[in-house]
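For the record, in the sequence shown the residue sitting at position 175 is 782 according to the working numbering, with numbers rising by one throughout. Cβ atoms here follow ideal geometry from the backbone N, Cα and C, with glycine treated the same way.
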Amino acid sequence: QPAASIDAAIHIDPQRQVGQVDNRVFSSFIEHLGKCIYGGVLPYKDDRAELISESGFRRDVLDLVRNDMKLSVVRWPGGNFVSCRDANVEPYICLNMGTGTLEDALDWVDYCNGTGNTYWANKRRENSGAEAPYNVKYWGLGNEMYGPWTINNLTADEYTRKAQQWAHALKLVDPSITLISSGQNGYNLWDATLLQGLVKFVDLHSIHNFSGFGERDRSDGKDYERRVFGTEAAEKGIQITRSLIDLARIENGSEKTKPIKISFDEWGPWDETK
């Protein structure tokens, strides 16, 4: 016997405000996944010349990002400051903790934000033709340093000690920057260990969650379920990370630590052909 139908209704009350939405929620990340970079934001070999902007990016993509999507922050390891200004977005630079050095990272920050008479600040002035610094605010302390796919990957304890040293030094160059620790998915020992050791050093803790990885995950026939229920895993990661942050602040002395927020900076499904 068929189940009885149920009438459903949605009531919208525009006067009822739950809270303030942080504009950084409307952000994005780009990476070498499929055609996201070459053939996406950057031209590919068969792209017409009139599509390319003076800064070397596709005009149509810049127009979509700037006028349609209206993104607030874009995370791209390495970054390109001219393109971020063209697209009217705030850059989020992920520092190389795998094959890069602390000296490299300090030079990056000085080049972008330095106001003194230093080699890299002067090199920026020479390249940009302007005195004003780029004032890049968001800096990631490495990316997925737990993974075997990362060159010179680290244990949680090794990463925590290294990130403490980098954070201390980077803040000496520019105390105003926002530092982001390299978390995992928010619900494992890696995240817990990092937060206990970095709660006094970082401003944000990143977590990543993908609901599918292309052909690898399609082969077992469960791709649909991953897409549908992947959002629940992401929400669970946020909830547990929030608790881990609270615990780290309590155990490290909440009066000595500032609230850390979550940077959910890699997410969604991935298809290697698109």
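Taking every protein chain shown into account, the CB of Ser735 has fewer than 16 other CB atoms within 10 angstroms, so this residue is exposed. One thing to note: Ser634 has its Cβ no nearer than 7 angstroms to the Cβ of Ser662. For Lys868, the secondary structure class from DSSP, reduced to helix, strand or coil, is strand. For Ile784 and Lys744, the gap between their C-alpha atoms comes out near 5 angstroms. DSSP places Ile787 inside the beta strand (DSSP E), whose first and last residues are Thr785 to Ser788.
Contact between the region 796–816 and the region 762–771 is present: three or more C-beta pairs spanning the two stretches fall below 8 angstroms. Shown here, Phe836 sits in a helix according to DSSP, grouped into three states.
Residue pairing from DSSP places Ile700 in a beta bridge opposite Trp746. Arg623 carries a coil assignment under DSSP once its states are collapsed to helix, strand and coil. The beta carbon of Asn695 lies closer than 7 angstroms to those of Arg673 in the same chain, with the five residues before and after it left out. For Val668, the enclosing alpha helix (DSSP H) covers residues Arg666 to Asp670. Residue pairing by DSSP places Phe636 opposite Arg682 in a beta bridge. Leaving aside the five residues that flank Ile845 on each side, the residues in its chain whose CB is nearer than 8 angstroms to its CB run, in chain order, Gly793, Ile814, Ile869 and Phe871. Boundaries of the alpha helix (DSSP H) harbouring Cys719: Leu709 to Asn720, taken from the DSSP string.
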